[in-house]
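Undergrad: If you read the protein sequences in the order shown, they are chains B and X.
In this text, residue positions in the first sequence follow this note's numbering: the first is 1114, and each later residue adds one.
In this text, residue positions in the second sequence follow this note's numbering: the first is 1114, and each later residue adds one.
A virtual CB, placed ideally from N, CA and C, is assigned to each residue, including glycine.
Pasting a structure here, questions to come.
There are 2 protein chains.
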Amino acid sequence: MKNEMFDIIIVGGGPAGIISAITAKKHTKKKRVLLIREINRGLVPCGIPYMFFTLKRPEDNILNTDSLKENKIITKIEEVIKINRKKKEILTKNSKKYKYNKLILATGSIPMTLPIEGVNLQGVYPIYKSLNYLKNLKKELKKSKDIIIIGGGFIGVEFADELSKFKTLNLSIVELLPSLLSNSFDIEFSKLAEQQLIKRNVRIYSGLSVESINGKEKVESVLLSNGKVMPADMVILGIGAKPNISLAEKSGLKTSKFGISVDKYLRTSDKDIFAVGDCSENSDFFTKEKTNIMLASTATTQARIAGCNLSRNFFNKNIGVLSSYSTKVGGLTLSSTGMTEKTAIKNGFKVVTGNAESFDKHPKKMPYAGKIKVKLIFSNQSGVILGGQIAGGESAGEIINIISTAIQKKFSITEIESLQIATHPKLTPAPTTYPIINAAQDALEKINWRAK
Amino acid sequence: MKNEMFDIIIVGGGPAGIISAITAKKHTKKKRVLLIREINRGLVPCGIPYMFFTLKRPEDNILNTDSLKENKIITKIEEVIKINRKKKEILTKNSKKYKYNKLILATGSIPMTLPIEGVNLQGVYPIYKSLNYLKNLKKELKKSKDIIIIGGGFIGVEFADELSKFKTLNLSIVELLPSLLSNSFDIEFSKLAEQQLIKRNVRIYSGLSVESINGKEKVESVLLSNGKVMPADMVILGIGAKPNISLAEKSGLKTSKFGISVDKYLRTSDKDIFAVGDCSENSDFFTKEKTNIMLASTATTQARIAGCNLSRNFFNKNIGVLSSYSTKVGGLTLSSTGMTEKTAIKNGFKVVTGNAESFDKHPKKMPYAGKIKVKLIFSNQSGVILGGQIAGGESAGEIINIISTAIQKKFSITEIESLQIATHPKLTPAPTTYPIINAAQDALEKINWRAK
Chain B
1114 MKNEMFDIII VGGGPAGIIS AITAKKHTKK KRVLLIREIN RGLVPCGIPY MFFTLKRPED
1174 NILNTDSLKE NKIITKIEEV IKINRKKKEI LTKNSKKYKY NKLILATGSI PMTLPIEGVN
1234 LQGVYPIYKS LNYLKNLKKE LKKSKDIIII GGGFIGVEFA DELSKFKTLN LSIVELLPSL
1294 LSNSFDIEFS KLAEQQLIKR NVRIYSGLSV ESINGKEKVE SVLLSNGKVM PADMVILGIG
1354 AKPNISLAEK SGLKTSKFGI SVDKYLRTSD KDIFAVGDCS ENSDFFTKEK TNIMLASTAT
1414 TQARIAGCNL SRNFFNKNIG VLSSYSTKVG GLTLSSTGMT EKTAIKNGFK VVTGNAESFD
1474 KHPKKMPYAG KIKVKLIFSN QSGVILGGQI AGGESAGEII NIISTAIQKK FSITEIESLQ
1534 IATHPKLTPA PTTYPIINAA QDALEKINWR AK
Chain X
1114 MKNEMFDIII VGGGPAGIIS AITAKKHTKK KRVLLIREIN RGLVPCGIPY MFFTLKRPED
1174 NILNTDSLKE NKIITKIEEV IKINRKKKEI LTKNSKKYKY NKLILATGSI PMTLPIEGVN
1234 LQGVYPIYKS LNYLKNLKKE LKKSKDIIII GGGFIGVEFA DELSKFKTLN LSIVELLPSL
1294 LSNSFDIEFS KLAEQQLIKR NVRIYSGLSV ESINGKEKVE SVLLSNGKVM PADMVILGIG
1354 AKPNISLAEK SGLKTSKFGI SVDKYLRTSD KDIFAVGDCS ENSDFFTKEK TNIMLASTAT
1414 TQARIAGCNL SRNFFNKNIG VLSSYSTKVG GLTLSSTGMT EKTAIKNGFK VVTGNAESFD
1474 KHPKKMPYAG KIKVKLIFSN QSGVILGGQI AGGESAGEII NIISTAIQKK FSITEIESLQ
1534 IATHPKLTPA PTTYPIINAA QDALEKINWR AK
């Protein structure tokens, strides 16, 4: 039997894989596109923290793949174990072979674990993107009381927020850095997140590491770097993920600790193979240095670029990862894009910041009007926007994308000060106090004074 | 007594006047800035439709002017009746004179009336921005039953939406154009607004004009152009406004029917006098032709530009009015920015449109997730974004500003397709189906097929 031939094969069924396949297919309808993945029912990655309380059933977080069918993409549930780059074919665990003309690797990431004692005890849970695994975690939650979350990044904070809705749990977060969400927010915004969690009885141990996890078969306690021993029925590891590069490595593609090496068109060291999403190397938008940011939104952007690059007759560039995030902690939405002030300074930028506070509806007596606080970071030399952070109501989750859009096209401080925006009493801050604009004006005022 | 001297005088206390004054003062702290206005307690213009039901008390819509005091701007409540341009001084109704170095006119607009019989009858209400007038309107509402709103633009639609909450009223809108909100939305979006109003028992008479308003002292009925006579206790005129240029005219400044003539730096025909907001001529962002768009958000943008131009040593350009709007009709948020498809075609652009539908939270089973629909309009020649329209939940009110930002810096279709955005289950659509991105991809697909 001849090996089945496809124009394009995508390995991986997460957001990056799905969007690569759809983008490729949309633009080359006649070509045969195969998406091959290991599991049938994947999960929405960022929905995972919400499978325990917010969503009615864990199954509600299954990644919708109807779009694959609608776009006539062939799918197979198989594990790819090798790429034969010479023959341009992939080999699966069931010994099937499929030939490709172009291949996209979207093999994702695997959760990191800690190099400490006790990390393999029962009751220690890295966050695997597996429905059954997380259903089991949910079941175990009901029997638990003392829960330690290791890692105060987005995963850790969102798990703490979600689990704080179970009033019977004692929740603690342990974070190595001095504050929560420290990679994405300056301290004044991190503090707001921490206040929300503290209000919900989550205890925060920052600036500390976990020395060991203790217990016989099952976790019983955790030892912190300050000598404190904390009782624990369950430990959740929210310390991030690393790129899943084993298939690429075995197949002789160039890789680094940041992932599968790619050029700015997302081609690997083999020009017929692209890599996108968590498994691929990312560069920072500003510094162009390699970074280990992993985000579904970044992954899908890369997927669209790669999907375009292999199916159209021009090449789209990957401009680098912007790091745009939103989260909700308690009643507060926190959003960040680009560089924080501290990251910018660490990277040698001279910065000027602008701050503004307003209400997210207007006049402020409108029903449901809440406070919103914006910080913008500009280059003090070029006047170009470098980053922004917001704390406010749910609308902050989209307002951050205005800033994100502005960063991608290097808006200047005066361009943001004179931005034209749609406003409405029930929907947005007032045009007179629109906080992005006022924050730019605040920064401009500082530049003016400095120059005098 | 010597006439009092100011570095900068602003005439007008609406959003444009306030923001001009603050911007000017922020950047030249030592200079004396006077804001002179006719009434002490102005109103938030876009909040006016919500003074009848949504806001607890009409007083809740008073424009907050604390920022004037905070910024040490001198204010006076007086009517300016003349500018003596030679002496560079203004004369008030109380015969006071104030000298200026630079003057900003922010005299606003006055509601239009109809050149028909009966327009001055009791019970016919143009929308004046006056607290007492609108409090009286609210009182009269309680005695009314049949209410005819003339004009199906934003004011008319928002009044209809707000008044539909009084279940005792029979509400009708009469609109000359074939659909409501027709200047800002293509027909498929206008229809969604109409459905919301119809669901709330508002009757819509589009493609019709009012021939006369009938009654003895008080309005009794309205005659439509199709011969229909409609009983009416109250008629609300929501047909727009015209620039208030009388002071400028009397003072010999150049004006047109679009307002006080200004150059792209917002200087009038007298280089020491600027004009901003509703009273000044606006140009369209795309066609550079004069337009009568009047928006508080546009007015404040102009105010920031003029405030900067007279107080700093560089000149900011006014890039022209983008026309970005949001409104909420019933449970639906409708937003628009830039050109509609029909406006673009009317102006000679060749366009390609892209459409996408998604949910505003993800996965779609997240609590409160609702549908969102986006249409983008691109130039088919340059690939540059020309406009966008959204129908969805409240987040549409900020998502439109992402498109608005993209238009201001001429994003291309592929730049929008590969936009990096922050996403979160509780706050935004999924990264895989973010509707702005998918609409760009949809448009790109059409271009690809056409090119083949």
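Can you tell me whether residue 1321 of chain X is helix, strand or coil according to DSSP?
TA: Stepping through the second sequence from its first residue, residue 1321 of chain X is reached at position 208. If DSSP states are grouped into helix, strand and coil, residue 1321 of chain X belongs with coil.
Undergrad: Could one say the Cβ of residue 1159 of chain X lies closer than 8 angstroms to chain B's Cβ atoms, at least one of them?
TA: Reading the second sequence from its first residue, position 46 is the one you call residue 1159 of chain X. Yes - at least one Cβ of chain B is within 8 angstroms of the one on residue 1159 of chain X.
Undergrad: Might you give, ordered along the chain, the residues of its own chain that have their beta carbon closer than 6 angstroms to the beta carbon of residue 1215 of chain X, omitting 5 neighbours on each side?
TA: Taking the second sequence and counting its residues from 1, one reaches residue 1215 of chain X at position 102. The answer, listed in chain order, is 1121, 1385 and 1423.
Undergrad: Closer than 9 angstroms, Cβ to any Cβ of chain B: which residues of the segment 1508 to 1526 of chain X, in chain order?
TA: For the segment 1508 to 1526 of chain X, which is checked against every Cβ of chain B, the residues closer than 9 angstroms are 1508, 1509, 1510, 1511, 1512, 1513, 1514, 1515, 1516, 1517, 1518, 1519, 1520, 1521, 1522, 1523 and 1524.
Undergrad: Rounded to whole angstroms, how far is the Cβ of residue 1101 of chain B from the Cβ of residue 1125 of chain B, which I believe are closer than 8 angstroms?
TA: Since the first residue of chain B shown is 1114 and the last is 1565, residue 1101 of chain B is not available in this structure.
Undergrad: Whose CA, out of B:1336, B:1364 and B:1458, lies closest to the CA of residue 1198 of chain B?
TA: Locating residue 1198 of chain B in the first sequence gives position 85, where the first residue counts as 1. Comparing Cα-Cα distances from residue 1198 of chain B to each of B:1336, B:1364 and B:1458, the minimum goes to B:1364.
Undergrad: Should residue 1315 of chain B be counted as a contact of the ligand MG given a C-beta to heavy atom distance under 7 angstroms?
TA: Only the bare structure without any ligand can be found here, which leaves the ligand MG out of the picture.
Undergrad: Shorter than 8 angstroms from the beta carbon of residue 1429 of chain X to some beta carbon of chain B?
TA: On the second sequence, position 316 is the one that residue 1429 of chain X refers to. Chain B, which has a Cβ nearer than 8 angstroms to the Cβ of residue 1429 of chain X, makes this yes.
Undergrad: Would you call residue 1458 of chain X buried or exposed, if buried means 16 or more other Cβ atoms sit within 10 Å of its Cβ?
TA: Walking along the second sequence from the start, residue 1458 of chain X turns up at place 345. It counts as exposed.
Undergrad: Specify, as a first and last residue, the run of the beta strand (DSSP E) that residue 1213 of chain B falls within.
TA: The residue you call residue 1213 of chain B lines up with position 100 of the first sequence. Segment 1210 to 1218, the beta strand (DSSP E) holding residue 1213 of chain B.
Undergrad: With a cut-off of 8 angstroms on the beta carbons, I'd call residue 1399 of chain X and residue 1460 of chain X a contact; round off their distance for me.
TA: Looking up residue 1399 of chain X in the second sequence gives position 286. Looking up residue 1460 of chain X in the second sequence gives position 347. At roughly 7 angstroms, the Cβ-Cβ gap stays under 8 angstroms, so residue 1399 of chain X and residue 1460 of chain X are in contact.
Undergrad: Shortest alpha-carbon distance to residue 1465 of chain X belongs to which of X:1480, X:1488 and X:1138?
TA: Numbered from its first residue, the second sequence carries residue 1465 of chain X at position 352. Scanning X:1480, X:1488 and X:1138 for the CA closest to the CA of residue 1465 of chain X turns up X:1488.
Undergrad: Excluding the 5 residues flanking residue 1191 of chain B on each side, which residues of the same chain have their C-beta closer than 7 angstroms to its C-beta?
TA: On the first sequence, position 78 is the one that residue 1191 of chain B refers to. Excluding residues within five positions, the ones whose Cβ falls inside 7 angstroms are 1149, 1205, 1206, 1207 and 1209.
Undergrad: Taking only runs that begin and end inside the segment 1266 to 1317 of chain X, name each unbroken beta strand (DSSP E) of 3 or more residues, in chain order.
TA: 1283 to 1288
Undergrad: Spell out whether any CB of chain B is found under 8 angstroms from the CB atom of residue 1246 of chain X.
TA: Translated into positions along the second sequence, residue 1246 of chain X becomes position 133. So no, residue 1246 of chain X is outside the interface.
Undergrad: Comparing alpha-carbon positions, which option in X:1534, X:1401, X:1184 and X:1292 lies nearest residue 1572 of chain X?
TA: Because chain X is modelled from 1114 through 1565, residue 1572 of chain X falls outside the range shown and cannot be assessed.
Undergrad: Which chain X residues are close to residue 1544 of chain B, counting only those with a beta carbon under 7 angstroms from its beta carbon?
TA: Here residue 1544 of chain B refers to the residue found at position 431 of the first sequence. The answer, in chain order, is 1128, 1409, 1410 and 1413.
Undergrad: Looking at the unbroken beta strand (DSSP E) that takes in residue 1447 of chain X, where does it start and where does it end?
TA: By one-based count along the second sequence, residue 1447 of chain X stands at place 334. Looking at the DSSP string, the run of the beta strand (DSSP E) that includes residue 1447 of chain X is 1445 to 1451.
Undergrad: How is the alpha helix (DSSP H) around residue 1533 of chain X delimited, first residue to last?
TA: For this step, residue 1533 of chain X is matched to residue 420 along the second sequence. Note, residue 1533 of chain X: premise wrong, no alpha helix (DSSP H); not H, not E.
Undergrad: Between residue 1247 of chain X and residue 1352 of chain X, how many whole angstroms is the CB-CB distance? I'm expecting something under 8 angstroms.
TA: For the purposes of this step, residue 1247 of chain X is taken as residue 134 along the second sequence, with counting starting at 1. For the purposes of this step, residue 1352 of chain X is taken as residue 239 along the second sequence, with counting starting at 1. Going by Cβ atoms, the distance from residue 1247 of chain X to residue 1352 of chain X rounds to 17 angstroms, so no, they are not a contact pair.
Undergrad: Taking residue 1533 of chain X as the query, report the chain B residues whose CB atoms sit under 7 angstroms from its CB, ordered along the chain.
TA: Stepping through the second sequence from its first residue, residue 1533 of chain X is reached at position 420. Residues of chain B passing the Cβ test: 1410, 1411, 1414, 1435, 1437, 1517 and 1521.
Undergrad: Under 8 angstroms, with one C-beta from each stretch per pair, do the segment 1297 to 1305 of chain B and the segment 1496 to 1505 of chain B reach the 3-pair mark?
TA: yes
Undergrad: With 8 angstroms as the threshold, decide whether the Cβ of residue 1539 of chain B is near any Cβ in chain X.
TA: Counting from one through the first sequence, the residue named residue 1539 of chain B turns up at place 426. Between residue 1539 of chain B and chain X, the shortest Cβ-Cβ separation is below 8 angstroms.
Undergrad: Give every residue of the same chain whose Cβ lies closer than 8 angstroms to the Cβ of residue 1152 of chain B, excluding the five residues on either side of it in the sequence, and list them in chain order.
TA: Against the first sequence, residue 1152 of chain B aligns to sequence position 39. Cβ neighbours of residue 1152 of chain B beyond the five flanking positions: 1126, 1190 and 1243.
Undergrad: For residue 1117 of chain X, which residues of its own chain have a beta-carbon under 6 angstroms away from its beta-carbon, when the five flanking residues on both sides are left out?
TA: Taking the second sequence and counting its residues from 1, one reaches residue 1117 of chain X at position 4. Correct list, in chain order: 1211.
Undergrad: Rounded to the nearest angstrom, what separates residue 1454 of chain B and residue 1491 of chain B at their Cα positions?
TA: The count along the first sequence starts at 1 and reaches residue 1454 of chain B at position 341. The count along the first sequence starts at 1 and reaches residue 1491 of chain B at position 378. Approximately 9 angstroms between the Cα atoms of the pair.
Undergrad: Identify, in the order they occur along the chain, each residue of the same chain with its Cβ nearer than 7 angstroms to the Cβ of residue 1539 of chain B, setting aside the five sequence neighbours on each side.
TA: The residue labelled residue 1539 of chain B in the question sits at position 426 within the first sequence. Excluding residues within five positions, the ones whose Cβ falls inside 7 angstroms are 1474 and 1479.
Undergrad: Count the other CB atoms within 10 Å of the CB of residue 1395 of chain B; is the residue buried (16 or more) or exposed (fewer)?
TA: Locating residue 1395 of chain B in the first sequence gives position 282, counting from the first residue. Buried, since its Cβ has 16 or more Cβ neighbours within 10 Å.
Undergrad: Identify whether residue 1145 of chain X lies in helix, strand or coil by the three-state DSSP scheme.
TA: Locating residue 1145 of chain X in the second sequence gives position 32, where the first residue counts as 1. Coil, per DSSP.
Undergrad: Taking only three categories from DSSP, how would you classify residue 1238 of chain B?
TA: Translated into positions along the first sequence, residue 1238 of chain B becomes position 125. Three-state result, residue 1238 of chain B: strand.
Undergrad: By Cβ distance below 6 angstroms, which residues in the same chain neighbour residue 1437 of chain B in space, the five residues on each side in sequence not counted?
TA: On the first sequence, position 324 is the one that residue 1437 of chain B refers to. So the list reads 1450 and 1517, once near-sequence residues are dropped.
Undergrad: For residue 1103 of chain X, count the other beta carbons within 10 Å of its own beta carbon; 16 or more makes it buried, fewer makes it exposed. Which is it?
TA: Because chain X here runs from 1114 to 1565, residue 1103 of chain X falls outside it and cannot be looked at.
Undergrad: Between which residues of its own chain and residue 1336 of chain B is the CB-CB distance below 6 angstroms, once the five residues before and five after are set aside?
TA: Residue numbering aside, residue 1336 of chain B sits at position 223 when the first sequence is read from its first letter. Excluding residues up to 5 positions away in sequence, 1324, 1325 and 1342 lie with their Cβ nearer than 6 angstroms to the Cβ of residue 1336 of chain B in the same chain.
Undergrad: Taking only the alpha-carbon atoms, compute the straight-line gap between residue 1057 of chain X and residue 1483 of chain B and give it to the nearest angstrom.
TA: Look at the range of chain X in this structure, 1114 to 1565, and you will see that residue 1057 of chain X is not part of it.
Undergrad: Taking only the alpha-carbon atoms, compute the straight-line gap between residue 1561 of chain X and residue 1141 of chain B and give it to the nearest angstrom.
TA: The residue you call residue 1561 of chain X lines up with position 448 of the second sequence. The residue you call residue 1141 of chain B lines up with position 28 of the first sequence. Cα to Cα, the separation comes out at about 9 angstroms.
Undergrad: Unbroken alpha helix (DSSP H) runs of length 4 or more, entirely within the segment 1391 to 1445 of chain B: which are they?
TA: 1409 to 1422
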